[in-house]
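*Asks:* Below you'll find the structure I mean.
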Amino acid sequence: MSQKTITVGFPFSGDDIGGSHISALNLISSFDRDRINPIVFVHHPHKALSRYLDENKIEYVTIEDIDILSPQRDLGRQSFSALRYPISMLKIIRLLKSHRIDIVHTNDGAIHTTWALPTYLAGAKLLWHHRGDPRARAVNMLAPLLAKHVVTVSRFAQPAKPVLPLKGRISVLHSPFKHPDQTPDREECRLALARELGLPEETRFVGYFGLLNERKRPLRFVEAVHAFHRSNPDFPIAGLLFGTPEQAGPRLDLDTAELARTLGIADKIHLMGFRHPVAPYMCGVDILLVPAMSEPFGRTLIEAMMYGTPVIATNHGGNPEAIENNVTGFLVEPEKPQAFVAPMELLLKDRNEWSRISEQARVSTLAAYGIKPHVDGIVSIYQRILGRKVADAATHRAH
Numbered sequence: 021m022s023q024k025t026i027t028v029g030f031p032f033s034g035d036d037i038g039g040s041h042i043s044a045l046n047l048i049s050s051f052d053r054d055r056i057n058p059i060v061f062v063h064h065p066h067k068a069l070s071r072y073l074d075e076n077k078i079e080y081v082t083i084e085d086i087d088i089l090s091p092q093r094d095l096g097r098q099s100f101s102a103l104r105y106p107i108s109m110l111k112i113i114r115l116l117k118s119h120r121i122d123i124v125h126t127n128d129g130a131i132h133t134t135w136a137l138p139t140y141l142a143g144a145k146l147l148w149h150h151r152g153d154p155r156a157r158a159v160n161m162l163a164p165l166l167a168k169h170v171v172t173v174s175r176f177a178q179p180a181k182p183v184l185p186l187k188g189r190i191s192v193l194h195s196p197f198k199h200p201d202q203t204p205d206r207e208e209c210r211l212a213l214a215r216e217l218g219l220p221e222e223t224r225f226v227g228y229f230g231l232l233n234e235r236k237r238p239l240r241f242v243e244a245v246h247a248f249h250r251s252n253p254d255f256p257i258a259g260l261l262f263g264t265p266e267q268a269g270p271r272l273d274l275d276t277a278e279l280a281r282t283l284g285i286a287d288k289i290h291l292m293g294f295r296h297p298v299a300p301y302m303c304g305v306d307i308l309l310v311p312a313m314s315e316p317f318g319r320t321l322i323e324a325m326m327y328g329t330p331v332i333a334t335n336h337g338g339n340p341e342a343i344e345n346n347v348t349g350f351l352v353e354p355e356k357p358q359a360f361v362a363p364m365e366l367l368l369k370d371r372n373e374w375s376r377i378s379e380q381a382r383v384s385t386l387a388a389y390g391i392k393p394h395v396d397g398i399v400s401i402y403q404r405i406l407g408r409k410v411a412d413a414a415t416h417r418a419h
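Residue numbering for the sequence shown follows the numbering used here, beginning at 21 and increasing consecutively.
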């Protein structure tokens with residue numbers, strides 16, 4: 021390994037796998053190993069993330085003996101982790117020094133909070149990759165003090181009130197997206213879903229893809245399907261939710277099923293769990309509904325558009341940065357399930373309109389998003405925060 025190679029640590033809790041993890045792992049997989057040596061650390065192996073890493077042949081180091089500071093844990097476990105944090109810090113410092121880590125690249129709230137101070141004390145540089153709420157306490161209070169550089173996934177996600185100015189050490193970089201090698205046959209995918217669920221072949225599907233958490237509003241998805249059904253009682257529609265609840269979060273899968281029963285549409289709402297690869301399911305649905313609030317920059321939204329699946333999303337968060345209303349998709353009033361009905365009717369009942377939005381979305385996202393611009397941007401930040409000359413972007417492997 022060259023002396024100029026930059027060694028970057030990527031710590032993950034390992035409990036969940038969502039869009040932010042996929043983005044980070046796409047980045048890791050795309051580095052030129054002569055320039056960047058990524059080392060993945062996983063706190064909780066044998067769970068969703070490590071299974072994904074194993075399937076994709078991404079090597080990682082397990083660190084089960086280091087506690088995570090997570091606000092999502094119950095009070096007892098959180099208090100225990102806080103009491104043990106000085107020990108955890110010492111272990112992280114030793115880990116960073118033993119692996120000769122130059123930069124720690126953190127990607128989610130619990131990891132930011134747990135790793136920021138020991139990274140600083142170990143003499144490594146911290147790149148804080150913020151993929152969440154711009155009002156989050158840690159990115160406004162801790163990142164300005166300890167991070168050498170902050171990267172956000174959208175303009176919306178930039179810290180709202182940082183305690184210190186971030187001028188000169190903050191960048192906006194959209195997440196990396198692999199272009200599809202091929203698009204599965206949409207009709208075959210739709211019929212496969214109908215057969216799996218025992219539904220009539222003429223059933224049309226709307227989809228929700230992502231973790232079942234409060235920010236993404238799975239209950240609003242159910243309410244949107246209900247609003248459409250109420251206006252179109254004879255139209256054969258089903259809503260499919262692909263994803264699982266956050267490991268330490270509320271059981272929104274149970275809440276979703278209960279709401280569907282209460283609204284009388286239990287037969288039209290299906291919890292599909294986590295599916296990989298996602299392409300056959302994303303192509304099997306006619307529309308992606310994104311009822312989320314404060315979504316920094318939804319990964320599944322862009323992926324769906326790349327496959328030509330039309331998107332209806334709330335006009336909130338980073339969604340307007342990704343969708344041009346009535347051109348590449350539709351933006352609707354947030355927290356109003358009824359607002360989804362009109363564009364759903366247009367797309368499900370007018371094939372020409374569906375095809376127009378589908379093609380515009382596909383062409384625009386393939387032109388605007390990819391792996392290489394993100395990798396080049398991150399590598400240049402690495403070099404800058406280490407005081408090294410920024411290399412020619414052409415030296416990085418294109419994907």
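From the three backbone atoms N, C-alpha and C, an ideal C-beta is built for every residue, glycine too.
These numbers were taken from a predicted model, which means no experiment stands behind them.
Just reading off the beta strand (DSSP E) that G39 is part of, what are its end residues?
*Replies:* Here residue 39 corresponds to residue number 19 of the sequence shown, with the count starting at 1. No beta strand (DSSP E) holds G39; the alpha helix (DSSP H) holding it covers 39–50.
*Asks:* What are the start and end residues of the beta strand (DSSP E) that includes K145?
*Replies:* Numbered from 1 along the sequence shown, position 125 holds the residue referred to as residue 145. Note, K145: beta strand (DSSP E), 145–150.
*Asks:* What does the Cβ neighbour count give for H296, buried or exposed, with the cut at 16 atoms within 10 Å?
*Replies:* Mapped onto the sequence shown, residue 296 falls at position 276. Exposed is the call here.
*Asks:* Kindly indicate which three-state DSSP category N252 falls into: helix, strand or coil?
*Replies:* The residue labelled residue 252 in the question sits at position 232 within the sequence shown. Correct three-state label for N252: coil.
*Asks:* Contact check, F262 vs M292 under 8 Å by CB: the rounded distance?
*Replies:* Position 242 of the sequence shown holds residue 262. Position 272 of the sequence shown holds residue 292. About 5 Å; that satisfies the 8 Å criterion.
*Asks:* Indicate whether I332 and T385 have their beta-carbon atoms separated by less than 8 Å.
*Replies:* For the purposes of this step, residue 332 is taken as the residue at position 312 of the sequence shown. For the purposes of this step, residue 385 is taken as the residue at position 365 of the sequence shown. Not in contact: I332 and T385 (Cβ atoms no closer than 8 Å).
*Asks:* My assumption, with CB atoms under 8 Å, is that D423 sits in contact with L368. Please give the rounded CB distance.
*Replies:* Outside the shown range of the chain (21 to 419) lies residue 423, about which nothing can therefore be said.
*Asks:* Taking the DSSP output, what are the residues bridged to Y7?
*Replies:* No statement about residue 7 is possible, as the shown extent of the chain runs from 21 to 419 and does not include it.
*Asks:* Take V395 as the anchor and find which of P196, L366, P204 has the nearest alpha-carbon.
*Replies:* For the purposes of this step, residue 395 is identified with residue 375 of the sequence shown, where counting begins at 1. Among P196, L366, P204, the Cα nearest to that of V395 is on P196.
*Asks:* Please check the pair P316 and R151, which I expect to be a contact at CB under 8 Å, by giving their CB distance rounded to whole angstroms.
*Replies:* The residue given as residue 316 occupies position 296 in the sequence shown. The residue given as residue 151 occupies position 131 in the sequence shown. Their Cβ separation, rounded to whole angstroms, is 5 Å, which keeps P316 and R151 in contact under 8 Å.
*Asks:* For the alpha helix (DSSP H) that A333 lies in, which residues bound it at each end?
*Replies:* For this step, residue 333 is matched to residue 313 along the sequence shown. A333 -> not in any alpha helix (DSSP H); beta strand (DSSP E) instead, spanning 331–334.
*Asks:* Measure the C-alpha to C-alpha separation of V28 and N76 and round it to an integer number of angstroms.
*Replies:* As a working mapping, residue 28 is identified with position 8 in the sequence shown. As a working mapping, residue 76 is identified with position 56 in the sequence shown. V28 and N76: Cα-Cα distance of roughly 19 Å.
*Asks:* By DSSP, does T385 sit in helix, in strand, or in coil?
*Replies:* Looking up residue 385 in the sequence shown gives position 365. Three-state result, T385: helix.
*Asks:* Output needed for R240: all residues of its chain with C-beta closer than 6 Å, excluding positions within five of it in sequence on either side, in chain order.
*Replies:* Translated into positions along the sequence shown, residue 240 becomes position 220. Around R240: P311, P357.
*Asks:* Taking buried to mean at least 16 other C-beta atoms within 10 Å of its own C-beta, is G407 buried or exposed?
*Replies:* Along the sequence shown, one-based indexing puts residue 407 at 387. By the neighbour-count rule (16 or more Cβ atoms within 10 Å), G407 is not buried but exposed.
*Asks:* Starting from the N-terminal side, write out each stretch of the beta strand (DSSP E) that is 3 residues or longer and does not extend beyond the segment 137–212.
*Replies:* 145–150, 169–172, 190–192
*Asks:* Going by the CB atoms, is the gap between A130 and L103 shorter than 8 Å?
*Replies:* Mapped onto the sequence shown, residue 103 falls at position 83. Mapped onto the sequence shown, residue 130 falls at position 110. It is not a contact, given that the beta carbons lie outside the stated cut-off.
*Asks:* Would you kindly work out how many angstroms separate the C-alpha atoms of V361 and L309, rounded to a whole number?
*Replies:* Here residue 361 is taken as the residue at index 341 of the sequence shown, counted from 1. Here residue 309 is taken as the residue at index 289 of the sequence shown, counted from 1. Each residue's Cα considered, the two are about 11 Å apart.
*Asks:* Pick helix, strand or coil for R93, following the three-state DSSP scheme.
*Replies:* For the purposes of this step, residue 93 is taken as the residue at position 73 of the sequence shown. With a pLDDT of only 48 at R93, under the threshold of 50, the placement of this residue in the model should not be trusted; the figure read from the coordinates follows. In the structure shown, R93 sits in coil (DSSP, three-state: anything other than H, G, I, E or B).
*Asks:* Hey, how far is the Cα of S191 from the Cα of D74?
*Replies:* Locating residue 191 in the sequence shown gives position 171, counting from the first residue. Locating residue 74 in the sequence shown gives position 54, counting from the first residue. Those two C-alpha atoms are separated by around 32 Å.
*Asks:* If you reduce the DSSP assignment to three classes, tell me which class G29 lands in.
*Replies:* In the sequence shown, residue 29 corresponds to position 9, counting from 1. If DSSP states are grouped into helix, strand and coil, G29 belongs with the strands.
*Asks:* How many whole angstroms separate the CB atoms of Y140 and L146, which I take to be in contact at a CB cut-off of 8 Å?
*Replies:* The count along the sequence shown starts at 1 and reaches residue 140 at position 120. The count along the sequence shown starts at 1 and reaches residue 146 at position 126. Contact holds; Cβ gap of about 7 Å.
*Asks:* Report yes if the C-beta distance between L272 and P238 is below 8 Å; otherwise report no.
*Replies:* The residue labelled residue 272 in the question sits at position 252 within the sequence shown. The residue labelled residue 238 in the question sits at position 218 within the sequence shown. Yes; because the gap between Cβ atoms is below 8 Å, this pair is in contact.
*Asks:* Note down the Cα distance separating L193 from A177, rounded to an integer number of angstroms.
*Replies:* Start at 1 with the first residue of the sequence shown, and residue 193 comes out as number 173. Start at 1 with the first residue of the sequence shown, and residue 177 comes out as number 157. Going by the C-alpha atoms only, they are around 11 Å apart.
*Asks:* Identify, in the order they occur along the chain, each residue of the same chain with its Cβ nearer than 6 Å to the Cβ of F32, setting aside the five sequence neighbours on each side.
*Replies:* Sequence index remark: in the sequence shown, residue 32 carries index 12 (1-based). Excluding positions up to five away in sequence, the list reads V62, L69.
*Asks:* Would you call the CB atoms of A136 and I113 closer than 8 Å?
*Replies:* Position 116 of the sequence shown, counting from 1, holds the residue named residue 136. Position 93 of the sequence shown, counting from 1, holds the residue named residue 113. No, they are not a contact pair.
*Asks:* How is K345 classed by DSSP in three states: helix, strand or coil?
*Replies:* Here residue 345 refers to the residue found at position 325 of the sequence shown. According to the sequence provided, residue 345 is Asn. The question's Lys does not apply to it. Strand.
*Asks:* Starting from V395, trace the alpha helix (DSSP H) in both directions and tell me its first and last residue.
*Replies:* Residue mapping note: residue 395 aligns to position 375 of the sequence shown, counting from 1. Per DSSP, V395 belongs to the alpha helix (DSSP H) from 392–405.
*Asks:* My understanding is that E379 touches G328, with C-beta atoms under 8 Å, so please give their C-beta distance in whole angstroms.
*Replies:* Residue numbering aside, residue 379 sits at position 359 when the sequence shown is read from its first letter. Residue numbering aside, residue 328 sits at position 308 when the sequence shown is read from its first letter. Contact between E379 and G328 holds: CB atoms are separated by about 7 Å, below the 8 Å threshold.
*Asks:* How is L116 classed by DSSP in three states: helix, strand or coil?
*Replies:* Here the question's residue 116 lines up with position 96 in the sequence shown. Three-state DSSP puts L116 in a helix.
*Asks:* Measure the alpha-carbon distance for P106 versus A158 and round it to whole angstroms.
*Replies:* In the sequence shown, the residue the question calls residue 106 occupies position 86. In the sequence shown, the residue the question calls residue 158 occupies position 138. Distance between the alpha carbons of P106 and A158 is about 19 Å.
*Asks:* Taking V361 as part of the alpha helix (DSSP H), name the residues at either end of that continuous run.
*Replies:* If you number the sequence shown from 1, residue 361 lands on position 341. Run containing V361: 361–369, per the alpha helix (DSSP H) assignment.
*Asks:* Need the endpoints of the alpha helix (DSSP H) that L272 sits in, please.
*Replies:* The residue given as residue 272 occupies position 252 in the sequence shown. Looking at the DSSP string, the run of the alpha helix (DSSP H) that includes L272 is 272–282.
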